[in-house]
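**Student:** First, the structure itself, so that you have it in front of you.
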Amino acid sequence: MLVLLTLVPFGVSVAFGESAYGVRFGIVIAGLALVAWRGMQQPAPQQIQTNEALVVVGLAFVITPLLMTVPLSASGLPYIDVLFESVSAITTTGLSTAGSVDDRAPIFHFTRAWMQWFGGLGIAALSVALLMGHHAAARRLSDPVDNENIATTARTQARQLLTVYGTMTVVGVIALWAVTGDAFVAVVHMLATVSTGGFSSFDASLAAMPPAAGWIVSVFALLGAVPLLLYYGALRRPRELFADREVHALAVMVVLLCGLLTLSLATFSSLPWADAVEQAVLSGVSAQTTTGFASMPVAQMDPLSHLLLIVGMLIGGGSGSTAGGIKLLRLLIFWRLLQHFLHRSAMPPHAVADAHLGGRRLEAADIERTMLVLGLFTATILVSWLIFVGQGFAALDALFEVVSAVSTVGLSSGISGPELAPTLKLLLCTDMLLGRLEILALLVLLYPRTWIGRRTP
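Read in the working numbering, the sequence shown has 78 at position 78, and its numbers run on one by one without any break.
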C-alpha cells in the first residue's frame, strides 16, 4: 500500500526535475516493494485480533515517517527536523521546525501535504480499502479500539469513504485554484485542508493568500471534520446528515468559539470589530477542526484567546472524520454521563436507569473507552506541559503548544522552531503520535507482552 502512495510524490519529483528527491523516493519504493513481495509469500490470516490490529496501525504510523525522512532529507534540514516534519505530516498535525518554508522546493511542500492527505484517513483506512477483504479485519484496522472511526467494516464502505474523500479534495482544489490562480498552491493547500492537516507552502499561511482562499479553506476544513460516511448516506437520506448529533455539536462549538473569540480579540487584542470577526472565524474553525492553518500569529493574540483556542483544539472534530482532538462523540458521551449522574441522584436507591445517547443505550464498553481515552489525553498533556514549563517556557504558551501537538492541530504559540531543543522536538513528536493513535495503539505497540504470542485459536 505504501509503495503505491510513495509513487505519487516520486512522480511529482520527476516532473519538477528534483533528482535528489527522486533518487531517495526510488530507494524507499524499492525497499518497500521488496518487503511487500516477501509479505505476499506468506498466507494471509483469516482474522485479525484486536491486539494485532492495534500493533499494525501503530507500526504504520511509526514506520512511515521514518521511511519518509529518506526523501525529505534532500531538503538539507538536520535529521531531527526532517523527522519532526515527517511525523507532523503523517499525523496531520502541521507543526513545523523547518523555519522559513517560502523558498523550499515544491516537492518538499507536496510531500508534506501528500503525507497529510493519506495520513488523514490513515494508513489504517486506506489499507483496509485496498488490501483487506475480511469483515472483522477491516473493522478492527479501521478503528481497532471502538466502532466510532470512519473507515470501514467492508470493502464497500471503504470505497464509499475514498469516493467522498477524493471528491471533496478535487472540488476543493478547483475552488481554491479559481481564487488563487495557482494550481500547485491549490493542490498543496487542499490536500492539507480536507485532511485537517494544515501544512502551508507559505510562512504566513492563510495570510499569504487572497481573503477568499481563507474562507474556502475554512469551509472544506469544516467538511473534513464531519464524519465522512455521513455524506455518502446523505445521498439517499439527506436528513441523516443534519440530524447527526456530532454535526449539531460541531456547529454549536464553532459558533460558540468564533463568537467568544470575536469578543476577546476585539476587547483584549484591540482589533477592529470587522478584523476581529474575520480572524475569529478563520482561527476558530482552524482550531475546532484541528486543521491548524493560521490567519494571524497566535503570539499576537491575548491570553483569553489562547485559552479559547486551547479548548477548541482539545475537543476537536467528529469521530469518523480526519480531525483530531478527543472527538465530539466522547464529549457528548461524557456530558450524557454527567446528566445521568445528576438524574440518578434524585431517583430512589433501587431504581434502574441506563444512560442513553441518540436513542442508544450506552454500553459499559463505550463508557470505559471514553473515560480511558479522556484520562490518557489529560495525563499526556499534563506530563508534556510540565516538562516544557520546567524548561523555562511560559505556562500558557507551553500548554498551547502541547495541546496543539496531542490534538494534532498545528497552530503554534511560537515554541516550535529550529531553535527548539532536540529533546523537546522528540517530545512533541511523541505527543503527535500519541494523539493521532489516540494513545492506546502506541501503548500496545510499546508493550509487547500484550501481543507477542497472544494469538487465540
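Here a beta-carbon is modelled for each residue, glycine too, at the ideal position from N, C-alpha and C.
Since I believe Y21 is in contact with P65 (beta carbons under 8 angstroms), could you give me their beta-carbon distance rounded to a whole number of angstroms?
**Tutor:** Not quite, the Cβ-Cβ distance comes to about 16 angstroms (not below 8 angstroms), so this is no contact.
**Student:** Whose C-beta lies closer than 7 angstroms to the C-beta of A74 among residues of the same chain, with five residues either side of it excluded?
**Tutor:** A20, Y21 and R24, listed in sequence order.
**Student:** Any idea if R236 is buried or exposed, counting beta-carbon neighbours within 10 angstroms, 16 or more meaning buried?
**Tutor:** Classification of R236: exposed, given that the 10 Å Cβ count is below 16.
**Student:** Between G325 and W37, what straight-line distance do the alpha-carbon atoms span, to the nearest angstrom?
**Tutor:** Approximately 37 angstroms, taken between the alpha carbons.
**Student:** Sort out for me which residues DSSP pairs H356 with in a bridge.
**Tutor:** According to DSSP, H356 bridges with R361.
**Student:** Would you kindly work out how many angstroms separate the C-alpha atoms of T430 and P78, rounded to a whole number?
**Tutor:** Going from the Cα of T430 to the Cα of P78 covers about 18 angstroms.
**Student:** Looking at the structure shown, is H350 part of a helix, part of a strand, or coil, going by DSSP?
**Tutor:** Three-state DSSP puts H350 in coil, outside helix and strand.
**Student:** Using alpha carbons as the reference points, say which of V285, S286, A287 and S264 lies closest to A276.
**Tutor:** Nearest option by C-alpha distance: S264.
**Student:** Which stretch, first to last residue, makes up the alpha helix (DSSP H) that contains Y21?
**Tutor:** Unbroken alpha helix (DSSP H) run through Y21: S19 to M40.
**Student:** Out of E278, I310 and L250, which has the shortest C-alpha to C-alpha gap to G292?
**Tutor:** Out of E278, I310 and L250, I310 has the C-alpha closest to the C-alpha of G292.
**Student:** For the stretch 294–302 against the stretch 322–340, are there 3 or more C-beta pairs whose distance is under 8 angstroms?
**Tutor:** As far as the Cβ criterion goes, the stretch 294–302 does not touch the stretch 322–340, which means the pair count is below three.
**Student:** Quick test of your reading: V217 and L206, contact by CB under 8 angstroms. State the CB separation rounded to the nearest angstrom.
**Tutor:** Confirmed, Cβ separation roughly 6 angstroms.
**Student:** Look at the alpha carbon of L308 and the alpha carbon of R436, and state the distance between them as a whole number of angstroms.
**Tutor:** Whole-angstrom Cα-Cα distance: 22 angstroms.
**Student:** Just checking: is the beta-carbon of L426 within a distance shorter than 8 angstroms of some beta-carbon in chain B?
**Tutor:** Within the model displayed, chain B is absent; a lone protein chain is all it includes.
**Student:** Short check: CB of L329 to CB of S345, under 8 angstroms?
**Tutor:** No.
**Student:** What is the rounded straight-line gap between the Cα of F242 and the Cα of H248?
**Tutor:** C-alpha separation (whole angstroms): 7 angstroms.
**Student:** When you compare the CB positions of T290 and G316, do they come within less than 8 angstroms of one another, or not?
**Tutor:** Yes. Within cutoff.
**Student:** From the DSSP output, in three-state form, read off F341 for me.
**Tutor:** It is helical.
**Student:** Decide if the stretch 167–178 is in contact with the stretch 89–107; the criterion is three or more beta carbon pairs, one per stretch, under 8 angstroms apart.
**Tutor:** Verdict: no, contact absent.
**Student:** Going by C-alpha distance, which of Q279, L161 and A113 is nearest Y231?
**Tutor:** Looking at the Cα atoms, L161 is the closest of the given residues.
**Student:** Which residue wins for smallest C-alpha separation from H189, given the options I387, M115, V252 and L121?
**Tutor:** That would be M115, whose Cα lies nearest to the Cα of H189.
**Student:** I'd like to know whether the C-beta atoms of S491 and L399 end up nearer to each other than 8 angstroms.
**Tutor:** For the chain, the structure presents residues 1 to 457; residue 491 sits outside this window and is missing.
**Student:** Under 8 angstroms, do M432 and T196 count as touching if we go by C-beta distance?
**Tutor:** No, Cβ-Cβ distance for M432 and T196 is not below 8 angstroms.
**Student:** Should F268 go down as buried or exposed, given a rule of 16 or more other Cβ atoms within 10 Å for buried?
**Tutor:** Exposed, since its Cβ has fewer than 16 Cβ neighbours within 10 Å.
**Student:** Rounded to whole angstroms, what is the Cα-Cα separation between A151 and A225?
**Tutor:** Caution is warranted here: a pLDDT of 36 is assigned to A151, below 50, making its placement in the model unreliable, and the coordinate value is therefore given only provisionally. Cα to Cα, the separation comes out at about 14 angstroms.
**Student:** State the DSSP-derived secondary structure class of V171, mapped to helix, strand or coil.
**Tutor:** Three-state DSSP puts V171 in a helix.
**Student:** Taking the C-alpha atoms as reference points, what is the distance between L271 and G214?
**Tutor:** Going from the Cα of L271 to the Cα of G214 covers about 18 angstroms.
**Student:** Between G11 and V28, what straight-line distance do the alpha-carbon atoms span, to the nearest angstrom?
**Tutor:** Straight-line Cα distance between these residues: approximately 13 angstroms.
**Student:** What residue does the alpha helix (DSSP H) around F84 start on, and which one ends it?
**Tutor:** Y79 to I90 is the extent of the alpha helix (DSSP H) around F84.
**Student:** Mind checking whether T156 and P9 have CB atoms under 8 angstroms apart?
**Tutor:** Not closer than 8 angstroms, so no.
**Student:** Under a Cβ-count criterion, where at least 16 other Cβ atoms within 10 Å of its own Cβ denotes burial, should T6 be classed as buried or exposed?
**Tutor:** Buried, since its Cβ has 16 or more Cβ neighbours within 10 Å.
**Student:** Going residue by residue through the stretch 276–346, where are the continuous alpha helix (DSSP H) segments of at least 4 residues, counting only ones entirely within it?
**Tutor:** List check, alpha helix (DSSP H) in window: 303–315 and 328–345.
**Student:** R104 by DSSP, collapsed to three states: which one?
**Tutor:** In the structure shown, R104 sits in coil (DSSP, three-state: anything other than H, G, I, E or B).
**Student:** On a Cα-Cα basis, can you pick out the residue from G26, A105 and Q41 that is closest to L67?
**Tutor:** The option with the nearest alpha carbon to L67 is G26.
**Student:** Using a threshold of 8 angstroms, state whether the C-beta atoms of L228 and V164 are closer than that.
**Tutor:** Yes, Cβ-Cβ distance for L228 and V164 is below 8 angstroms.
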